[in-house]
């Protein structure tokens, strides 16, 4: 895990920074099937490893990649040991089937040069072990604590690691990759509906960096807060982010008022404003107000067809006076309902 020291980059960042590494072990029963790892500095991914592919900022040399692979192999053995402990613990009575075990550690360097850190283990989304950095002790069941670190050496090692080495790594990564980690990439945005009569209008922004972004709605120039759902910001594979906001509004309201989606991001000189009237329809053709009119025309045409069919039905029924084909009605069992004509 001393990979970042190989960079040989000096310098100390004066602003608050954070580094986090997350290992994810995929388990079948108690057998480890796959191990992945991802490293993030200030929400920007700087390393990723999935067992076959290793990506890093900056590009790894063959020596660096071999070193990282060796480190991953060491963590793999630790995970296997931990899984054997979990299998013996009565609190984990459902180790059969597929599971995921995550190990995450992080360290922070604050403005006043003080440091902080965190380390925890998660089994199927539930915390089961973490490190108390102040006392250098494990917070977990007595059984796991005894089996995992009976003499407390691991806890002391990780306390020192998070307070010293991890901070050094944080400084080095920031110095080596500042241009990438502190880049500004503007979002690509789109307003759309899934289909003509959907009450949900979606404003989607993607490809932006850094992570912080604001998406809001306006109606005739005034902000809209009701019937709005703001989704979580999600990462893209290239290290950028995506986010969407969903507004529930009727077709009549969209026709009567001027709605816009407003996106604010540090990469933009001014806010990005998208007119809802120019939205795209994913399940259909065209868009905007013309698309809405087309939808109305289709609705009217369908209604006229239904009305015509109903009138035709009653006309035929009246012509037969209810007696020309009584056997046919009896064979069908029930009389055809006008709303089912189409």
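Residue numbers (the working numbering): 18 to 359. Even glycine gets a Cβ: it sits at the ideal position worked out from N, Cα and C. These numbers come from a predicted model, not from an experiment.
Can you tell me which of 73, 45, 263 and 131 puts its alpha carbon nearest to the alpha carbon of residue 193?
Taking the first residue of the chain shown as position 1, residue 193 is located at position 176. Of the candidates 73, 45, 263 and 131, the one whose C-alpha sits nearest the C-alpha of residue 193 is 73.
So the alpha helix (DSSP H) residue 107 belongs to, where does it begin and stop?
For the purposes of this step, residue 107 is taken as residue 90 along the chain shown, with counting starting at 1. Note, residue 107: premise wrong, no alpha helix (DSSP H); not H, not E.
For residue 136 versus residue 175, is the C-beta distance shorter than 8 Å?
In the chain shown, the residue the question calls residue 136 occupies position 119. In the chain shown, the residue the question calls residue 175 occupies position 158. Yes. Within cutoff.
Following the continuous alpha helix (DSSP H) through residue 161, name the residue where it begins and the one where it ends.
For this step, residue 161 is matched to residue 144 along the chain shown. Residue 161 -> alpha helix (DSSP H) spans 159-166.
What are the uninterrupted segments assigned as alpha helix (DSSP H) that are 4 or more residues long and contained completely in the region 232-286, given in chain order?
268-273
Where the alpha helix (DSSP H) through residue 172 begins and ends:
Here residue 172 refers to the residue found at position 155 of the chain shown. Unbroken alpha helix (DSSP H) run through residue 172: 170-177.
Suppose the cutoff is 8 Å on Cβ atoms and the five residues either side in sequence are ignored; what does the same chain contact list for residue 180 look like?
Position 163 of the chain shown, counting from 1, holds the residue named residue 180. So the qualifying residues of the chain are 124, 132, 134 and 150.
Return the chain-ordered list of same chain residues with a C-beta closer than 6 Å to the C-beta of residue 42, the five sequence neighbours on each side being excluded.
Translated into positions along the chain shown, residue 42 becomes position 25. So the list reads 49, 52, 96 and 118, once near-sequence residues are dropped.
Is it the case that the Cβ atoms of residue 214 and residue 258 are separated by a distance below 8 Å?
Residue numbering aside, residue 214 sits at position 197 when the chain shown is read from its first letter. Residue numbering aside, residue 258 sits at position 241 when the chain shown is read from its first letter. No, Cβ-Cβ distance for residue 214 and residue 258 is not below 8 Å.
Residue burial classification, residue 11 (beta-carbon count within 10 angstroms, cutoff 16)
Not covered by the structure: residue 11. The range shown for the chain is 18 to 359.
Quick check: the region 269-282 against the region 227-239, are there 3 or more CB pairs under 8 Å?
yes
For residue 218, is the classification buried or exposed, using 16 other Cβ atoms within 10 angstroms of its Cβ as the cut-off for buried?
Taking the first residue of the chain shown as position 1, residue 218 is located at position 201. The residue is buried, with at least 16 neighbouring Cβ atoms inside 10 Å.
Strictly by DSSP, which residues pair up with residue 55?
In the chain shown, residue 55 corresponds to position 38, counting from 1. DSSP, once it has assigned bridges, lists 39 and 65 as partnering residue 55.
Could you give the residue range of the alpha helix (DSSP H) that holds residue 190?
On the chain shown, position 173 is the one that residue 190 refers to. Looking at the DSSP string, the run of the alpha helix (DSSP H) that includes residue 190 is 183-193.
Determine the closest residue to residue 263 out of 254, 250, 92 and 246, with distance taken between C-alpha atoms.
The sequence position of residue 263 within the chain shown is 246, counting from 1. Of the candidates 254, 250, 92 and 246, the one whose C-alpha sits nearest the C-alpha of residue 263 is 246.
DSSP beta-bridge partners of residue 144:
On the chain shown, position 127 is the one that residue 144 refers to. DSSP lists 139 as the bridge partner or partners of residue 144.
Using three-state DSSP, classify residue 113 as helix, strand or coil.
One-based indexing of the chain shown puts residue 113 at position 96. Coil.
Please classify residue 59 as buried or exposed, where buried requires at least 16 other C-beta atoms within 10 Å of its C-beta.
To locate residue 59, count along the chain shown from 1; it is residue 42. Counting Cβ neighbours within 10 Å, residue 59 comes out buried, since at least 16 surround it.
Rounded Cβ spacing between residue 203 and residue 285 (contact assumed at less than 8 Å):
In the chain shown, residue 203 corresponds to position 186, counting from 1. In the chain shown, residue 285 corresponds to position 268, counting from 1. At roughly 6 Å, the Cβ-Cβ gap stays under 8 Å, so residue 203 and residue 285 are in contact.
Among the residues of its own chain, which have a CB less than 7 Å from the CB of residue 108, if the five just before and after it don't count?
Here residue 108 refers to the residue found at position 91 when the chain shown is read from its first residue. Within the same chain, residue 108 has close Cβ partners 158.
C-alpha distance - residue 189 paired with residue 210, whole-angstrom precision
Along the chain shown, one-based indexing puts residue 189 at 172. Along the chain shown, one-based indexing puts residue 210 at 193. About 46 Å.
Beta-ladder partner(s) of residue 73, from DSSP:
As a position in the chain shown, residue 73 is number 56, starting the count at 1. Its beta-bridge partners are 64.
Helix, strand or coil, according to DSSP, for residue 226 in the structure here?
Working through the chain shown from its first residue, we reach residue 226 at position 209. Looking at residue 226 - three-state DSSP - the assignment turns out to be strand.
With 16 other CB atoms within 10 Å as the buried threshold, where does residue 98 fall?
Residue 98 sits at position 81 when you count from the first residue of the chain shown. With fewer than 16 other CB atoms across the displayed protein chains lying within 10 angstroms of its CB, residue 98 is exposed.
From 283, 212 and 240, pick the residue whose C-alpha is nearest to that of residue 300; which is it?
On the chain shown, residue 300 is found 283 positions in, with the first residue counted as 1. Of 283, 212 and 240, the residue nearest in Cα terms is 212.
Rounded separation between residue 127 and residue 187 - CA only:
To locate residue 127, count along the chain shown from 1; it is residue 110. To locate residue 187, count along the chain shown from 1; it is residue 170. Going by the C-alpha atoms only, they are around 12 Å apart.
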